[in-house]
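Notes follow the structure.
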Amino acid sequence: MSRKRARAGFRQLGHELRARRKAARLTVAAVADYLGWHASTVSRVESGHDELDTVELLHYLGACGVFRKEALDLLALCRQACHRLGYAVDTHGDGLADSLCSVIYRESTADSLVNYQPLLIPGLLQTEEYARSRIQRDPQRSDKNVETRVRARVARQSVLHRPNPARFTFFVHENALRLVVGSLAIMHEQLLQVTLLSALPHVRLHVVPAGEDSVFGAPFVLMSYAKHDPVVSVDGQGTTLFLEDAGYVAGYRETVPDIAAVAMNEGQSREFVATLAHEYDRGSTRQHGDHDLEEEQLQRRR
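Each residue of the sequence shown is one higher than the last, beginning at 1039 in the working numbering.
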């Protein structure tokens, strides 16, 4: 066991271990007595400052009475945290994907987040219907986990409304706002929600207009912490990549001012999104009107 500045993987592992200890209704002192450790060691493990190896982890899990399935998941998390590669890769699976658990933990503990989205509405701003339409078209989804993933995505948005919230900056590309997910009615409601959430005092929304100077690669989230190193998450097909190495993170951090330089300001962005929401509403109403007219004409022919 070694003590260092808490790395992201071990902070998440410590968070999971604390949850297992509390679920077992054990105190820090009780676990320390069972393991023959100092109580301060257990506290440092749960904060991520002391890094466990897999043998030490198994002893801890035994003290908390953790079952085999959970133990295997936590062992995998520990092995990944032990690798000093400067990054971690989580796969998307059935149920609440490991990567989503990692995203939820990192989002909920960050002090500030910068999110760049070139093709889709950011997850923290999505309506339930938009999220469902998007997840149903995910090639990694299965019929049994769609609603679980929808509920988890909506639940993530609680970080926007908690006391003393983090600072959120969303750079959303115009293409993401114009891409119709589900239907025009869903897009109307979605952009209304984006407009309303952008009015929160700790949320900044910037629309990146379409054009040759507004292409900045894949979507990413830069998460910064007061007492820890920043982390970048990058979503891929079936995986989420978490970058912690300073060199990797620096590249994304340096990209943020470039994005900001071409993006609209907050007032322009809110006006643009609200106008586009109105256009979706008019288009949806027109679609329904055309459908009603077709039905009326069909009835007359009969």
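By construction, the Cβ of each residue, glycine as well, lies at the ideal position given by its N, Cα and C atoms.
Going by the beta-carbon positions, is the gap between V1152 and V1294 smaller than 7 angstroms? yes
Which class does V1080 belong to by DSSP, given the choice of helix, strand or coil? helix
Bridge partners for R1242 per DSSP, in chain order? When beta bridges are read from the DSSP output, R1242 appears opposite T1207.
If you draw a straight line from the C-alpha of G1074 to the C-alpha of V1127, how long is it? 34 angstroms
Determine whether the beta carbon atoms of L1115 and L1162 lie at a separation below 7 angstroms. no
Just tell me which of R1144, I1159, L1235, R1170 has its CA closest to the CA of M1261. R1144
For M1225 and P1239, the rounded distance between their alpha carbons: 24 angstroms
Skipping 5 residues on each side, what residues in its chain have a beta carbon closer than 6 angstroms to that of F1208? Excluding sequence neighbours, F1208 sits near N1153, P1160, L1243.
When DSSP labels each residue in this structure, what does A1315 get in the three-state scheme? Residue state, collapsed to three classes: helix.
Short of 8 angstroms in beta carbon distance, which residues of its chain neighbour L1314, apart from the five on each side in sequence? Order them along the chain. L1215, R1216, L1229
Go ahead and pull the three-state DSSP assignment for R1058. helix
Along the chain, where does the beta strand (DSSP E) that runs through N1153 open and close? 1150-1155
Would the region 1251-1261 count as touching the region 1187-1203 if we require 3 or more Cβ pairs under 8 angstroms? The count of Cβ pairs closer than 8 angstroms, one atom from the region 1251-1261 and one from the region 1187-1203, stays below three, leaving the stretches out of contact.
Of the residues A1301, Y1072, V1287, S1085, which one's Cα is nearest the Cα of H1211? A1301
CA nearest to the CA of D1319, picked from L1112, E1227, R1058: E1227
Here's a check: name, in chain order, each residue in its chain whose Cβ is nearer than 8 angstroms to the Cβ of R1041, leaving out the five neighbours to either side. The predicted model places R1041 with a pLDDT of 47, which falls under 50 and marks its position as unreliable; any figure quoted below should be read in that light. Only residues of its own chain outside the window of five on either side were considered, and among them R1082, H1087, D1088, E1089 have a CB closer than 8 angstroms to the CB of R1041, listed in chain order.
I need the straight-line Cα distance from F1048 to R1170, nearest angstrom please. 32 angstroms
Selection from D1283, E1304, R1308, E1317 that minimises the alpha carbon distance to G1124: D1283
Quick check: the Cα distance between V1241 and F1206, rounded to an integer number of angstroms? 5 angstroms
Take N1213 as the anchor and find which of L1235, Q1155, L1198 has the nearest alpha-carbon. Q1155 is the residue among L1235, Q1155, L1198 whose C-alpha sits nearest the C-alpha of N1213.
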